[in-house]
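From first to last, the protein sequence lines are chains W and H.
Each residue of the first sequence is one higher than the one before, starting from 1 at the first, in the UniProt record's numbering.
Each residue of the second sequence is one higher than the one before, starting from 1 at the first, in the UniProt record's numbering.
Just so you know, even glycine gets a beta-carbon here, dropped at the ideal spot from N, CA and C.
Below is one structure, written out as structure tokens; comments come after it.
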Amino acid sequence: MTLLDVKNLVQHFPTGRGKAVQAVNGVDFTVDAGETLALVGESGSGKTTIGRCVLGLIQPTGGSILFHGEPMGGRRTLRSPELRGRMQLVFQEPAESLDPRIVVGRTIGEPMAALGASRADREKAVRLAAQRVGLPERLLGSYPAELSMGLQQRVGIARAVVSRPELIVLDEPTSALDPSARAEIIDLLIRLQKELGTAYLFISHDLSTVRYLSHRVAVLYLGSIVEQGPSAELFAAPRHPYSVGLLASVLLPNPELRRESTIRLEGEIPSPIDLPPGCPLEGRCPLAIARCREMPPVETVSPGHTVRCWRHADVAQMEQAVDYFERFQIEAERILTPAPSKQEEQWAN
Amino acid sequence: MTTPVLAVEGLDVEFPSYGEAPVRALHGLDLSIGEQEIVGLVGESGSGKTTLARAIMQLVPPPGRISQGSVSFEGRDLSKLDEEQLRTLRGRAMSMVIANPRSELNPLLTVGQQIGNILKYHTGCKGRELRERVIEMLKEVRIPDPERRYDAFPHELSGGMAQRVVMAIALICNPRLVISDDATSGLDVTVQAQVLELLKRLAERHRTAMLFITRDIGITAHFCDRVAIIYGGEIMEIATRARFFANPMHPYSVLLLAAFSHNPKLRSYWLKEGEAAAEARPAETGCPFAPRCVRVREHCRSVHPELRELEAGHHVRCHFPVERRA
Ligand SMILES: Nc1ncnc2c1ncn2[C@@H]1O[C@H](COP(=O)(O)OP(=O)(O)O)[C@@H](O)[C@H]1O
Ligand SMILES: Nc1ncnc2c1ncn2[C@@H]1O[C@H](COP(=O)(O)OP(=O)(O)O)[C@@H](O)[C@H]1O
Ligand code: SF4
Ligand SMILES: [Mg+2]
Ligand SMILES: [Mg+2]
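As structure tokens, this is what we get:
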């Protein structure tokens, strides 16, 4: 069932003198109930803006966002009476999104309070949410500053799930965390999705996390989705030069495993003001041809896998279909399989 | 054997703490870096990485101090040098690249002035030659349109560009050792990949050795000759890159790698259950990692493990290292 349907979303922010930041430029995607769609892209690509539009927090310049078939925006936001508790948001910096003067138990209960739940119901829901996210009950009376970053993020997630929403927008929820805290949060999100059937719009620039957590991925560049598809397929066989460049930049902790590609991105993302009309990557793309000054159409390369590039067939020719993330996982199993220490064996005997 | 560029031996650094025992940021730290070698130093926040970088530069902020051990640079014990001698060494023979390039740059000086000042201070080079050498350096760090960027102010630069300027400052005097402290952490992945490649190429071309400090163990897998893991101010494991990643032996190293696993069972085996473990401070006696270690035994809590060479060139500080069968 389609929960969220975003069509031709455009968001431009006027900057004066008749110019505008073209943050989002005609983006299409859907999110089904219970699934995770990841929006990946480097900073400034428009991820947060899309998330805010989806929640109705800003009014898009154009396009439509349907939640359960009804448009978002105007008075229909995640805070409006009919949607209250059905959509939630988790931020990157847990510390910034939690009120330092309020004990975390109360913060977690806020969505229930907004729904008008009785005190008893609220407390029950808070305890349950805390339990779900692995936050010890004795910490509910703590202030955010007394908790580690990982625990603060659990508080943020508990607040997001307390009302059992259908959709959670997670904006870089793991970016501020150490890898081990990140892994725990990812596990937690996967488990919660299984338990509660919540859909996630997962915004991240961390491709390792995305590969693991999401069913489908949309790759954003300068406010356009350049490629979209099932995670396993897109990571193994990227068809857009930017997706290739992005994947080749990922440094997995294994010297043997890095996408080797002749497609190398030079330079940096330009500012999204006065974007030229063609392919957004044109200025940086090693495969660019004259035609790239026109916007390429969205083409379907396999079921559910779309790409917006004039030369996607050439990319397919040039790139080996290898999922380095998957290969890394296999290698990681070898390294992580518990091996006893000789010393320990001696001690045991 | 030739003299290493850098030799840190038995280094202790302490920060006095009011009314309590001093914080021991580094403890018995040994590390040597050979000519043109890139050594990656990986550890989480608070493990002592920046303190080591500062101690090497003889810049531990007081009242912190080096309480034991020595730092030798090209065979010279730096504690024997006076401030004047150290100043000529810093920025010239050894230099540092840090994160937040913007805060590192003076907002009131142009790019050309900031790079040029270093060169002028250390070599007396000036005038046209100075300008030419600075522009040459800007080209080397691949700043587009270097003639124009020479006169740009830091706020006119993107993050990636500012990081390149900081690299240019660190490299302009052809140092023998560059210390990079978390220098690429704020950058986007495609920019980071470019900056790393550039840094490596420049280090090769100028025959510079490098201590590459990072929290991201993934970078070291593709960038360094050797990898060292630091925890609680001590080196836990150090080996060549290939050996380290093929056969990490310290439980903490394995924990760091486990964080990337998608197999919750294997991962949770190494990551001791719960936040309590993640919050644990390094132990003062015995093995510093004991409070978070899945293999801990009574012995670990009482006896401090030595750094032992378990394979050729592969040193591990653990009583019960992980030993895989071939
Ligand atoms: N309120 C705003 N006013 C003007 N520009 C904005 C505003 N919000 C975002 N932008 C710009 O829109 C672009 C996309 O931003 P954002 O959605 O935050 O990207 P991401 O989350 O992918 O980093 C950036 O260039 C950003 O500077
Ligand atoms: N200026 C200082 N004063 C007091 N303690 C310090 C100071 N600098 C570092 N420390 C302590 O030394 C330890 C190591 O810190 P640091 O070297 O900054 O670690 P890292 O760079 O690995 O994050 C920490 O416990 C930190 O609190
Ligand atoms: S010495 Fe003991 S506690 Fe320390 S890491 Fe090894 S096994 Fe674990
Ligand atoms: Mg954002
Ligand atoms: Mg540091």
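Name the DSSP beta bridge partners of residue i, please?
{"i": "W:Pro14", "result": "W:Ala20"}
{"i": "residue 328 of chain H", "result": "Absent from the model: residue 328 of chain H. The displayed extent of chain H is 1 to 326, so no value can be given."}
{"i": "W:Pro230", "result": "W:Arg216"}
{"i": "W:Thr107", "result": "Answer is none; W:Thr107 lacks a bridge partner."}
{"i": "W:Phe67", "result": "W:Leu4, W:Glu70"}
Check the Cβ of residue i against every Cβ in chain H and list those closer than 8 Å, keeping chain order.
{"i": "W:Leu246", "result": "Val189, Thr190"}
{"i": "W:Ser180", "result": "Leu255, Leu256, Ala258, Ala259, Leu271, Ala278"}
{"i": "W:Leu336", "result": "Val254, Leu257, Ala258, Ser261, Asn263, Leu266, Arg267, Tyr269, Trp270"}
Less than 6 Å between the CB of residue i and some heavy atom of ligand 2, yes or no?
{"i": "W:Ala158", "result": "no"}
{"i": "H:Val23", "result": "yes"}
{"i": "W:Ser45", "result": "no"}
{"i": "W:Phe325", "result": "no"}
{"i": "H:Pro61", "result": "yes"}
{"i": "H:Arg70", "result": "According to the sequence shown, residue 70 of chain H is Ser rather than Arg. No, the beta carbon of H:Ser70 sits no closer than 6 Å to any heavy atom of ligand 2."}
{"i": "H:Gly46", "result": "yes"}
{"i": "H:Phe15", "result": "yes"}
Can you tell me whether residue i sits near ligand 1, meaning its C-beta is under 6 Å from at least one heavy atom of the ligand?
{"i": "H:Lys120", "result": "no"}
{"i": "W:Thr48", "result": "yes"}
{"i": "W:Phe91", "result": "no"}
{"i": "W:Ala237", "result": "no"}
{"i": "W:Phe13", "result": "yes"}
{"i": "W:Pro272", "result": "yes"}
{"i": "H:Ala7", "result": "no"}
{"i": "W:Ala176", "result": "no"}
{"i": "W:Ala218", "result": "no"}
{"i": "W:Ala20", "result": "no"}
Got a sec: does ligand 5 put a non-hydrogen atom nearer than 6 Å to the Cβ of residue i?
{"i": "H:Leu50", "result": "It should be pointed out that residue 50 of chain H corresponds to Thr in this sequence rather than to Leu. Yes, the Cβ of H:Thr50 comes within 6 Å of a heavy atom of ligand 5."}
Roughly how far, in whole angstroms, is the beta-carbon of residue i from the beta-carbon of residue j, given that I think they are within contact range, below 8 Å?
{"i": "H:Val195", "j": "H:Gly160", "result": "7 Å"}
{"i": "W:Ala339", "j": "H:Glu323", "result": "6 Å"}
{"i": "W:Leu222", "j": "W:Ser64", "result": "Their Cβ separation, rounded to whole angstroms, is 22 Å, which puts W:Leu222 and W:Ser64 out of contact at 8 Å."}
{"i": "H:Thr50", "j": "H:Val13", "result": "So it is not a contact: roughly 11 Å between Cβ atoms."}
{"i": "W:Gly26", "j": "W:Val40", "result": "Not quite, the Cβ-Cβ distance comes to about 18 Å (not below 8 Å), so this is no contact."}
{"i": "W:Tyr200", "j": "W:Thr36", "result": "4 Å"}
{"i": "W:Arg159", "j": "W:Thr107", "result": "6 Å"}
{"i": "H:Ser261", "j": "H:Thr285", "result": "H:Ser261 to H:Thr285, Cβ: 31 Å. No contact."}
{"i": "W:Gly62", "j": "W:Gly105", "result": "Their Cβ separation, rounded to whole angstroms, is 42 Å, which puts W:Gly62 and W:Gly105 out of contact at 8 Å."}
{"i": "H:Ala53", "j": "H:Ile66", "result": "Not confirmed; about 13 Å, so no contact."}
{"i": "W:Gly197", "j": "W:Ala33", "result": "7 Å"}
Residues of chain W with CB under 9 Å from residue i, in chain order?
{"i": "H:Ala193", "result": "Gly245, Ala248, Ser249, Val250, Leu251, Arg264, Leu265"}
{"i": "H:Leu325", "result": "Strictly speaking, residue 325 of chain H in this sequence is Arg, with Leu absent from that position. Correct list: Ala339."}
{"i": "H:Arg90", "result": "The contacting residues do not exist; H:Arg90 stays about 30 Å from chain W at best."}
Against residue i, what residues of chain H qualify as contacts under a CB-to-CB distance less than 9 Å, listed in chain order?
{"i": "residue 354 of chain W", "result": "Residue 354 of chain W lies beyond the range of chain W shown here (1 to 349); nothing can be said about it."}
{"i": "W:Gln329", "result": "Phe260, Ser261, His262, Asn263"}
{"i": "W:Leu9", "result": "Here the premise fails: no neighbours, minimum Cβ distance about 23 Å."}
{"i": "W:His205", "result": "Asp188, Val189"}
Given the structure, does residue i come close to ligand 6, in the sense that its CB is under 6 Å from one of the ligand's heavy atoms?
{"i": "H:Gly233", "result": "This structure lacks ligand 6; the ligands present are ligand 1, ligand 2, ligand 3, ligand 4 and ligand 5."}
Name the chain W residues that come within less than 8 Å of residue i, Cβ to Cβ?
{"i": "H:Ser47", "result": "Chain W residues near H:Ser47: none, gap ~11 Å exceeds 8 Å."}
{"i": "H:Gly160", "result": "Glu268"}
{"i": "H:Phe289", "result": "Near H:Phe289 there are no residues of chain W at all, since even the closest Cβ is about 13 Å away, more than 8 Å."}
{"i": "H:Ala242", "result": "Pro255"}
{"i": "H:Arg308", "result": "In chain order: nothing, as chain W lies at least about 11 Å away."}
In chain H, what lies closer than 7 Å to residue i by C-beta?
{"i": "W:Val258", "result": "Before going on, a small fix: residue 258 of chain W reads as Arg here, not Val. Here the neighbours are His222."}
{"i": "W:Asp274", "result": "Ordered by position in chain H, no residue passes the 7 Å Cβ test against W:Asp274, which lies about 16 Å from the chain."}
{"i": "W:Asp187", "result": "Pro264"}
{"i": "W:Glu333", "result": "Asn263, Leu266"}
Using a Cβ cut-off of 7 Å, pull out every chain W residue sitting near residue i, in sequence order please.
{"i": "H:Arg317", "result": "In chain order: nothing, as chain W lies at least about 13 Å away."}
{"i": "H:Glu298", "result": "Result: empty, since nearest Cβ-Cβ is about 10 Å, beyond 7 Å."}
Query raised in the report: Counting Cβ pairs, one atom from each stretch, are 3 or more of them under 8 Å apart for the segment 316-334 of chain W and the segment 265-281 of chain W?
Result: Proximity of the segment 316-334 of chain W to the segment 265-281 of chain W falls short of the contact definition, fewer than three beta-carbon pairs being nearer than 8 Å.
Report task. Decide if the segment 144-154 of chain W is in contact with the segment 71-86 of chain W; the criterion is three or more beta carbon pairs, one per stretch, under 8 Å apart. Result -> No: fewer than three Cβ pairs fall under 8 Å.
Query raised in the report: Using 8 Å as the threshold, is the segment 305-314 of chain W in touch with the segment 224-240 of chain W, meaning 3 or more CB pairs across them?
Result: The answer is yes - the segment 224-240 of chain W touches the segment 305-314 of chain W, with three or more Cβ pairs under 8 Å.
Query raised in the report: Is the number of C-beta pairs between the segment 215-222 of chain H and the segment 280-291 of chain W that are closer than 8 Å three or more?
Result: Touching, no, given that fewer than three Cβ pairs across the two stretches are closer than 8 Å.
Query raised in the report: Between the segment 82-90 of chain W and the segment 123-130 of chain W, are three or more C-beta pairs nearer than 8 Å?
Result: These segments do not touch.
Query raised in the report: Is it true that the segment 174-183 of chain H meets the segment 124-142 of chain H, where meeting means three or more beta-carbon pairs spaced less than 8 Å apart?
Result: Short answer: they don't touch.
Requested in this report: Would you be able to state if there are at least three C-beta pairs under 8 Å between the segment 96-106 of chain H and the segment 15-22 of chain H?
Outcome: As far as the Cβ criterion goes, the segment 15-22 of chain H does not touch the segment 96-106 of chain H, which means the pair count is below three.
Query raised in the report: Counting Cβ pairs closer than 8 Å, one from the segment 249-265 of chain W and one from the segment 168-179 of chain H, do we hit at least three?
Result: With a cut-off of 8 Å, the segment 168-179 of chain H and the segment 249-265 of chain W do not count as touching, because too few Cβ pairs lie within range.
Query raised in the report: Hey, is the segment 175-192 of chain W in contact with the segment 202-212 of chain W, meaning 3+ C-beta pairs nearer than 8 Å?
Result: Contact holds: three or more Cβ-Cβ distances are below 8 Å.
Query raised in the report: So, do the segment 84-91 of chain H and the segment 36-50 of chain H have three or more beta carbon pairs nearer to each other than 8 Å?
Result: The answer is no - the segment 36-50 of chain H does not touch the segment 84-91 of chain H, with fewer than three Cβ pairs under 8 Å.
Requested in this report: Assess, as a yes-or-no matter, whether the segment 162-172 of chain H is touched by the segment 114-134 of chain H under the definition of 3 or more beta carbon pairs within less than 8 Å.
Outcome: By the criterion of at least three beta-carbon pairs nearer than 8 Å, the segment 114-134 of chain H is in contact with the segment 162-172 of chain H.
Report task. Determine contact between the segment 281-295 of chain H and the segment 246-259 of chain H, defined as no fewer than three beta-carbon pairs at a distance below 8 Å. Result -> Yes, since at least three Cβ pairs between the segment 281-295 of chain H and the segment 246-259 of chain H fall closer than 8 Å, the two stretches touch.
Query raised in the report: Does the segment 90-101 of chain H come close enough to the segment 54-64 of chain H to have 3 or more Cβ pairs within less than 8 Å?
Result: Segments in contact, yes.
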